[in-house]
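Contents: one structure, followed by commentary.
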């Protein structure tokens, strides 16, 4: 990986701050999947700025909601570099720079043309185009090919928690939702299934994933349906719950006080009980450690992906905020995701 | 467990604050092993103080060094209740109450007499007596029986990170070390092996564990020797290291800036290289995620127990602060623990 430079980091952003603000101690937070790719860049910085103390945070950095601002404060860092995500919330720690990590991979024209043949064979004429931030550099390249082959391509305006038109993140598909009524399907540029499945759950339209890592495409609509049926099973199992565990995010970027208040109000209005728990990194083991016998189901307000991606095997149903609202209001017809 | 009340919690401490300071939102941090025992107490509090919001933190609460003060701030809590440990450092968050959790278990007189026969058979006449905080209520009971059978019992004065005479914690055995020159062996009241092994490594004297949970005693001196030989193997494998990974604690109570400076100075004075990493909950998986090929060994400054208890299986040697100092100064004769 190292020599192929799979990611280009916006090192110039860090350097301009190093020159202007002259920080002495820098905490660097990088998603686990990018940590080792970043070490070459780190060595360049260390070589050029020998007096500066660079500390790599081992935090998993799931998103910019997970910003290590407490850690930066505790370590007396005068700059926090957050790599790989765009700003999600306004942190209390004032000296934060968000540094892009852009993939250098480019899907082949041939493969994209195969994708186009596939969607046309399905009668799809208008598509929404979205992407995760590391593939931003190739969005126009992909869009142009799609349009050359006379597909109508819509890219939703930025809003909510994202910074760029067409950008999606694990918990915010609002750019795609904006164009949802005008398209037959969504094409999303991303690796893995995480974002593509989220997009499917948020839009309920066919989703075709264009994967730069494997240079391939995949219609994941059936996978989304499978996920959806699992989610409805959790919802159904929660309908008789008498007492809920409400999980509150322990980090500022995941502490959603208005949402928590709203859910508690719904719980109380239905004459049900609840218990509040806070969590930083929430896993099945953490849930097992806090679980009370008298709790029938959990709702997670910190991150709507945890119930779906990490907590599905827990013995009791664990709901996203959207699912919790469905259960508590009794509006089960439309799957509500993520919030 | 619930009905037997294995632990008595100092609920009156919480109640007096509830009456005086009238907090509205309370974050409660409890070690994983005590969480479920605490829920009865929580229910009593919730029943009596219906207007107060109680949030149970899912934090593992390994010690008072791990105080969830950032979490309390992030959640706008006006009181942080830390259960099961005594104060370790002066936190920035001002409203913290340390609530004792005392075991109700009492080893039988017969069993303690068997222990006395055993130590006498070994020619031991003078013993140091120490304990972990949850067994504080039975210390005098045990001491009296030991003295009745004409053992000389020494309890070291409080110092360092502990609050009571004779108390030990995972990273501080100074009470026992104080009496070490005057005793033939140590008796420690605790469950499990964690504290007993630490005591052995810190004192290098025979350690007999008196376990209230199993109502039994065990001479763990051989186990300590086994641990010691593993530790020396790690030390030996680190002697040729060219580059170290230095792990810095991400929480205030585990961020030891003076120790870090001292180790870096030693590293530099020997012409070696290093890389700084910060960690909150440090596991082997976390180490694997941050590991660089060019790092030969790690030193952990956050918690001296992690290398011994949690990171022994990591592919590269991981040293405690004391071991790091041994390696960097070349003073290998005396095992230095914990700091």
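Residue numbers (this note's numbering), protein chains in the order written: chain A, 1 to 339; chain B, 1 to 339. Even glycine gets a Cβ: it sits at the ideal position worked out from N, Cα and C.
Given that a residue counts as buried once 16 or more other Cβ atoms are within 10 Å of its Cβ, and exposed if not, what is residue i?
i: residue 233 of chain A; result: exposed
i: residue 320 of chain B; result: buried
i: residue 21 of chain A; result: exposed
i: residue 302 of chain B; result: buried
i: residue 344 of chain A; result: This structure cannot speak to residue 344 of chain A, because chain A is shown only from 1 to 339.
i: residue 230 of chain A; result: exposed
i: residue 205 of chain B; result: buried
i: residue 156 of chain A; result: buried
i: residue 269 of chain A; result: exposed
i: residue 117 of chain B; result: exposed
i: residue 286 of chain A; result: buried
i: residue 226 of chain A; result: exposed
i: residue 259 of chain A; result: buried
i: residue 110 of chain A; result: exposed
i: residue 336 of chain B; result: buried
i: residue 203 of chain B; result: buried
i: residue 293 of chain B; result: exposed
i: residue 257 of chain A; result: exposed
i: residue 70 of chain A; result: buried
i: residue 238 of chain B; result: buried
i: residue 334 of chain A; result: exposed
i: residue 222 of chain B; result: exposed
Near residue i, which residues of its chain fall below 7 Å by C-beta distance, leaving aside the five closest residues on each side in sequence?
i: residue 153 of chain A; result: 127, 129, 143, 146, 147
i: residue 2 of chain B; result: At residue 2 of chain B, the pLDDT of 40 sits below 50, so the modelled position is not reliable and the matter cannot be decided from this model.
i: residue 34 of chain A; result: 7, 83, 84, 101
i: residue 224 of chain B; result: 197, 200, 201, 207
i: residue 46 of chain B; result: 54
i: residue 93 of chain A; result: 69, 72, 73, 80
i: residue 172 of chain B; result: 160, 161, 162
i: residue 108 of chain A; result: 215
Taking 6 Å as the limit between beta carbons, can you name the residues of its chain near residue i, skipping five residues before and five after?
i: residue 18 of chain A; result: 49
i: residue 32 of chain A; result: 60
i: residue 174 of chain B; result: 159, 160
i: residue 288 of chain B; result: none
i: residue 219 of chain B; result: 208
i: residue 339 of chain B; result: 321, 322
i: residue 124 of chain A; result: 184, 185
i: residue 304 of chain B; result: 171, 320, 321, 338
Verify whether the separation of the beta carbon atoms of residue i and residue j is less than 8 Å.
i: residue 83 of chain A; j: residue 167 of chain A; result: no
i: residue 78 of chain A; j: residue 13 of chain A; result: no
i: residue 64 of chain A; j: residue 57 of chain A; result: no
i: residue 187 of chain B; j: residue 210 of chain B; result: yes
i: residue 245 of chain B; j: residue 213 of chain B; result: no
i: residue 241 of chain B; j: residue 74 of chain A; result: no
i: residue 261 of chain A; j: residue 89 of chain A; result: no
i: residue 311 of chain B; j: residue 281 of chain B; result: no
i: residue 195 of chain A; j: residue 160 of chain A; result: no
i: residue 189 of chain A; j: residue 138 of chain A; result: yes
i: residue 185 of chain A; j: residue 119 of chain A; result: yes
i: residue 106 of chain A; j: residue 141 of chain A; result: yes
i: residue 23 of chain A; j: residue 52 of chain A; result: yes
i: residue 299 of chain A; j: residue 263 of chain A; result: yes
i: residue 272 of chain B; j: residue 243 of chain B; result: yes
i: residue 278 of chain B; j: residue 27 of chain A; result: yes
i: residue 5 of chain A; j: residue 104 of chain A; result: yes
i: residue 66 of chain A; j: residue 38 of chain A; result: no
If you drop the 5 nearest sequence neighbours on each side, which residues of the same chain put their C-beta closer than 8 Å to that of residue i?
i: residue 113 of chain B; result: 145, 149
i: residue 235 of chain A; result: 317, 319, 323, 326, 327, 332
i: residue 97 of chain A; result: 13, 14, 17, 79, 80, 81, 82
Would you check whether the ligand MG has a heavy atom nearer than 7 Å to the C-beta of residue i?
i: residue 153 of chain A; result: Annotation note on the ligand MG: not contained in the displayed structure, which lists no ligands.
Could you list which residues in chain C have their beta carbon closer than 7 Å to that of residue i, in chain order?
i: residue 27 of chain A; result: This model lacks chain C altogether, as its protein chains are A and B.
- Query: Name the residues in the stretch 254-267 of chain B whose C-beta lies less than 8 Å from a C-beta of chain A; which are they?
  - Reply: Within the stretch 254-267 of chain B, the qualifying residues are 255, 257.
- Query: Which residues, in chain order, does the stretch 38-55 of chain B contribute to contact with chain A at a C-beta distance below 9 Å?
  - Reply: Within the stretch 38-55 of chain B, the qualifying residues are 39, 42, 46, 53, 54, 55.
- Positions along the stretch 139-168 of chain A whose CB lies within less than 9 Å of some CB in chain B: Those would be none; no residue qualifies.
- Query: Which of the residues in the stretch 4-22 of chain A, read from start to end, lie with their CB under 7 Å from any CB of chain B?
  - Reply: Listed by position, the residues of the stretch 4-22 of chain A near chain B (Cβ gap below 7 Å) amount to none.
- Would you list, in chain order, the members of the stretch 224-237 of chain B that have their beta-carbon closer than 7 Å to a beta-carbon of chain A? Hits within the stretch: zero.
- Query: Listed from N- to C-terminal order along the chain, which residues in the stretch 71-103 of chain B have their beta-carbon within a distance smaller than 7 Å of any beta-carbon of chain A?
  - Reply: For the stretch 71-103 of chain B, the set of residues with a beta-carbon nearer than 7 Å to any beta-carbon of chain A comprises 71, 74, 75, in chain order.
- Query: Quick one, which residues of the stretch 238-252 of chain A are near chain B if we go by CB-CB under 7 Å, in chain order?
  - Reply: Within the stretch 238-252 of chain A, those residues whose Cβ lies closer than 7 Å to any Cβ of chain B are, in chain order, 248, 250, 251, 252.
- Quick one: which residues of the stretch 290-312 of chain B get their C-beta closer than 7 Å to a C-beta of chain A? List them in chain order. Listed by position, the residues of the stretch 290-312 of chain B near chain A (Cβ gap below 7 Å) are 290, 292.
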